[in-house]
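What follows is one structure encoded as structure tokens, with my remarks underneath.
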């Protein structure tokens with residue numbers, strides 16, 4: 002009996018330990034920066050397998066410009082000779098992708114053509130795999146490798162094509178942004194100082210759309226809400242809203258509020274709000290909204306105050 | 006028999022007399038013939054010698070004979086009558102005796118019937134008593150199996166109730182209602198080297214549901230003494246998370262209606278799946294568990310495990326009695342791995358924003374939003390530390406005073422009320438702090454208690470805003486006062502909760518208290 006108990010406990014311990022690092026070679030590929038539709042994701046970096054065959058692969062992107070979260074980016078190429086699989090990936094990434102090349106190349110009967118589309122991780126901007134662009138120091142590039150693979154899983158030498166990351170910062174004289182991390186309908190509200198003719202310091206409100214304030218002075222406000230994300234729980238996945246001024250924003254005291262229009266069945270949603278001008282970050286805050294936050298009426302000016310800031314350029 | 010014998014003797018006597026009488030007549034007849042002959046001879050002799058007159062003699066003899074015959078007949082008749090009387094008397098006596106015997110038999114049978122009826126009644130009474138006081142008549146396949154269960158049925162009134170629906174969940178905001186908070190039915194098996202438990206929970210908190218709650222299979226090395234905990238016990242299954250005092254506590258033993266806010270936030274649903282090593286030696290108690298990390302009440306993936314890594318939970322404590330004071334205390338720790346869910350890919354979208362409110366598509370009112378690639382899921386580390394101390398003093402006159410204190414300090418461990426996710430939009434860790442202080446006074450079957458509990462799910466909520474700081478306190482606190490009447494088979498509890506929170510929003514958009522005081526009444530029955 003004593004031996005039995007000890008054996009049982011030992012087996013449990015072994016199972017618990019072995020479960021920690023036991024994984025198959027294939028993967029969903031969601032942890033990699035590059036995701037190829039129709040390809041098979043394999044764990045590990047594309048730079049890992051040694052070069053054992055001379056077959057080569059070429060890679061031709063449809064558009065070299067990329068941004069975090071970009072989807073449906075076209076890519077074509079040729080692989081050969083005598084191999085009809087190409088591996089695509091970024092050296093150092095968590096996974097690479099095997100894509101079949103099944104169309105014979107009319108120019109070289111021993112080579113095969115492939116075409117695919119890829120997407121990029123929304124977290125690309127913070128990836129250490131981005132490299133400085135030697136042609137434009139203000140931008141970064143992502144080196145994408147292509148390697149021929151034969152039927153015995155032998156890899157050819159890498160062919161590297163660099164993709165250029167385009168800055169995605171929203172251009173404006175003043176930008177207030179709200180983003181969140183769950184499929185919920187949050188709304189960004191900004192209370193804006195308006196100087197009326199009588200200089201009474203009127204404050205109006207920006208919400209889901211322009212306020213119904215009937216006496217907006219000419220040129221007083223031109224901030225626009227760019228997109229009402231997940232409107233009415235029609236989930237678009239963007240989870241981000243911006244109010245952008247392209248002209249001269251009114252000077253004064255601003256209040257940024259976050260309203261939970263609906264949590265769409267979720268328990269909670271974490272949010273992050275930021276206001277910035279080309280010169281500086283003017284305010285920033287984050288928090289969590291729970292179901293209780295949906296109780297108040299979803300009207301302009303509603304919501305919890307995220308932060309306040311003064312704008313005097 | 007005696008009667009028959011006497012009757013036989015009478016008949017024998019009667020037969021003897023009859024034979025003598027017959028012989029007499031035969032002799033008489035012979036004498037008559039002989040007499041005639043003798044008479045003829047005698048006449049010849051009388052003529053020769055005259056004597057007494059023979060006819061007179063004969064007449065005399067006849068008369069004597071007749072006399073004797075009459076006497077004998079009278080005697081026979083008298084004997085016959087006597088015999089008949091005797092027989093009648095014997096018959097009467099026999100009849101009386103038979104009647105007496107029958108009466109005796111009847112009485113005896115009646116007594117037997119009464120005795121049997123009484124015995125039957127006594128047996129029925131015994132059976133009734135046995136059924137009334139008998140242990141549960143549940144048959145088990147083996148020894149050491151027992152059945153238990155309890156029901157906690159509530160009526161509650163909440164200040165925040167509205168006759169509206171929650172825009173988020175679609176559930177009623179009204180909480181003034183009756184509900185079955187817990188209906189548990191369990192079976193335990195306890196053998197020398199093994200234990201098993203299967204407990205099912207039913208409730209109507211979010212509508213009727215029935216679920217597994219506590220399912221354990223254990224092998225153990227028993228301790229010395231009946232009440233001693235096992236020296237070591239290995240368990241695998243679904244069980245209460247062994248952190249602190251309050252979380253693993255049996256709901257029947259807790260005085261207050263619910264656990265503190267901190268316990269409900271950090272360990273929602275109390276139970277999780279995993280393996281556990283526990284035991285005790287003298288006054289020392291220990292437990293170490295490896296668990297999935299998604300308790301049954303988690304905001305997502307409850308009862309599942311979205312990542313490989315397991316949570317490690319443990320407690321080291323003491324439990325003993327000194328004089329009339331019982332005390333228990335310990336420290337607990339948790340190191341686990343939380344899960345941040347990724348986001349699905351989206352498709353390009355067009356949206357019309359009617360900026361000038363003319364209900365016509367104008368320049369700049371259509372915005373195209375490109376699709377976005379899927380976001381990857383990721384893990385993060387969470388930590389928890391706890392300390393608990395409880396003591397109770399048994400006083401004279403059935404008085405008992407209990408005091409309990411528990412403290413929680415955690416990092417990204419909230420999984421229910423204010424879920425923490427450092428990989429989410431906040432991009433920072435949440436430091437949770439919670440504690441409670443409870444005092445319970447027992448007066449025999451009456452109990453009175455008060456508890457204050459505090460929970461802050463984000464101690465840094467005020468420290469992460471740039472620009473003009475705004476107050477963003479998100480803490481909760483509850484002052485609960487409860488009274489209970491306790492019987493061996495159940496309890497009646499009434500509790501008032503004064504809740505303070507920051508779930509409301511004032512007109513300036515600042516966090517405000519959402520009035521949510523509650524009155525709860527609970528009826529509990531257990532077996």
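Chains as they are written, first to last, in the numbering used here: chain X, 2 to 314; chain S, 6 to 532.
Built from N, CA and C at the ideal position, the CB exists for glycine as well.
Smallest Cα separation from residue i: which of the options?
i                      : options                    : result
residue 331 of chain S : S:509, S:395, S:271, S:426 : S:395
residue 308 of chain X : X:275, X:267, X:87, X:235  : X:275
residue 182 of chain X : X:121, X:68, X:237, X:92   : X:237
residue 243 of chain X : X:189, X:296, X:278, X:266 : X:189
residue 209 of chain S : S:200, S:191, S:176        : S:176
residue 338 of chain S : S:373, S:130, S:294        : S:294
residue 550 of chain S : S:112, S:445, S:310, S:204 : Here chain S covers residues 6 to 532 and nothing more, so residue 550 of chain S does not appear.
residue 476 of chain S : S:364, S:125, S:466, S:186 : S:466
residue 322 of chain S : S:340, S:341, S:291        : S:291
residue 442 of chain S : S:266, S:324, S:390        : S:266
residue 163 of chain X : X:279, X:64, X:43          : X:64
residue 380 of chain S : X:70, X:48, X:26           : X:70
residue 182 of chain S : S:254, S:530, S:525, S:532 : S:525
residue 400 of chain S : S:130, S:428, S:329        : S:329
residue 124 of chain X : X:50, X:31, X:44, X:160    : X:31
residue 154 of chain X : X:92, X:101, X:306, X:93   : X:101
residue 280 of chain S : S:250, S:225, S:135, S:244 : S:244
residue 161 of chain S : S:178, S:169, S:184, S:149 : S:184
residue 342 of chain S : S:436, S:296, S:464, S:326 : S:296
residue 147 of chain X : X:141, X:136, X:161        : X:161
residue 301 of chain S : S:274, S:91, S:169         : S:274
residue 482 of chain S : S:518, S:451, S:510        : S:518
residue 56 of chain X  : X:235, X:177, X:109, X:233 : X:109
residue 230 of chain X : X:251, X:290, X:247, X:261 : X:261
residue 256 of chain X : X:143, X:192, X:39, X:176  : X:192
Assuming residue i and residue j are in contact, meaning their beta carbons sit under 8 Å apart, how far apart are those beta carbons, in whole angstroms?
i                      : j                      : result
residue 527 of chain S : residue 276 of chain S : Not confirmed; about 21 Å, so no contact.
residue 121 of chain X : residue 34 of chain X  : 6 Å
residue 76 of chain X  : residue 118 of chain X : 7 Å
residue 197 of chain S : residue 207 of chain S : Rounded, the Cβ-Cβ distance is 33 Å, inconsistent with contact.
residue 523 of chain S : residue 164 of chain S : 7 Å
residue 115 of chain X : residue 47 of chain X  : Rounded, the Cβ-Cβ distance is 15 Å, inconsistent with contact.
residue 171 of chain S : residue 292 of chain X : 6 Å
Starting from residue i, find everything on chain S with Cβ-Cβ shorter than 7 Å and list it in chain order.
i                      : result
residue 273 of chain X : 430, 431, 432
residue 268 of chain X : 304, 424
residue 293 of chain X : 508, 519
residue 123 of chain X : 377, 378, 380
residue 181 of chain X : 430
residue 227 of chain X : 372
Taking Cβ-Cβ distances shorter than 7 Å, what residues in chain X pair up with residue i?
i                      : result
residue 347 of chain S : 31
residue 172 of chain S : 263, 295
Could you tell me whether the Cβ atoms of residue i and residue j are closer together than 7 Å?
i                      : j                      : result
residue 449 of chain S : residue 403 of chain S : yes
residue 150 of chain X : residue 52 of chain X  : no
residue 194 of chain X : residue 254 of chain X : yes
residue 228 of chain S : residue 236 of chain S : yes
residue 312 of chain S : residue 416 of chain S : no
residue 271 of chain X : residue 431 of chain S : yes
residue 157 of chain X : residue 113 of chain X : no
residue 258 of chain X : residue 304 of chain X : yes
residue 234 of chain S : residue 320 of chain S : no
residue 185 of chain X : residue 264 of chain X : yes
residue 252 of chain S : residue 272 of chain S : yes
residue 461 of chain S : residue 438 of chain S : yes
residue 149 of chain S : residue 195 of chain S : yes
Give the residues of chain X in contact with residue i, contact being defined as C-beta atoms less than 8 Å apart.
i                      : result
residue 266 of chain S : Correct list: empty, because the minimum Cβ distance to chain X is about 13 Å.
residue 475 of chain S : 286, 306, 307, 308, 309
Give me the chain S residues within the contact set of residue i, using Cβ-Cβ distance strictly less than 9 Å, ordered along the chain.
i                     : result
residue 51 of chain X : What residue 51 of chain X touches in chain S: nothing, since even the nearest Cβ is about 28 Å away.
Using a C-beta to C-beta distance shorter than 8 Å, which residues of chain S count as neighbours of residue i?
i                      : result
residue 239 of chain X : 351, 354, 374, 377
Q) Are there three or more Cβ pairs, one per stretch, closer than 8 Å when the region 487-503 of chain S is compared with the region 282-291 of chain X? A) no
(Q) Within 8 Å, do at least three Cβ pairs link the region 210-223 of chain S to the region 104-121 of chain S? (A) With the cut-off at 8 Å, the region 104-121 of chain S and the region 210-223 of chain S do not touch.
Q.
Using a Cβ distance threshold of 8 Å, determine whether the region 403-412 of chain S contacts the region 60-67 of chain X, with at least three qualifying pairs required.
A. no
(Q) Tell me whether the region 256-267 of chain S and the region 278-294 of chain S touch, counting them as touching only if at least three CB pairs, one residue from each stretch, are closer than 8 Å. (A) no
Q: Please confirm if the region 346-354 of chain S is in contact with the region 371-384 of chain S, defined as three or more CB-CB distances below 8 Å between the two stretches.
A: yes
Q: Would you check if the region 180-194 of chain S and the region 146-165 of chain S touch, i.e. whether three or more CB-CB distances between them fall below 8 Å?
A: yes
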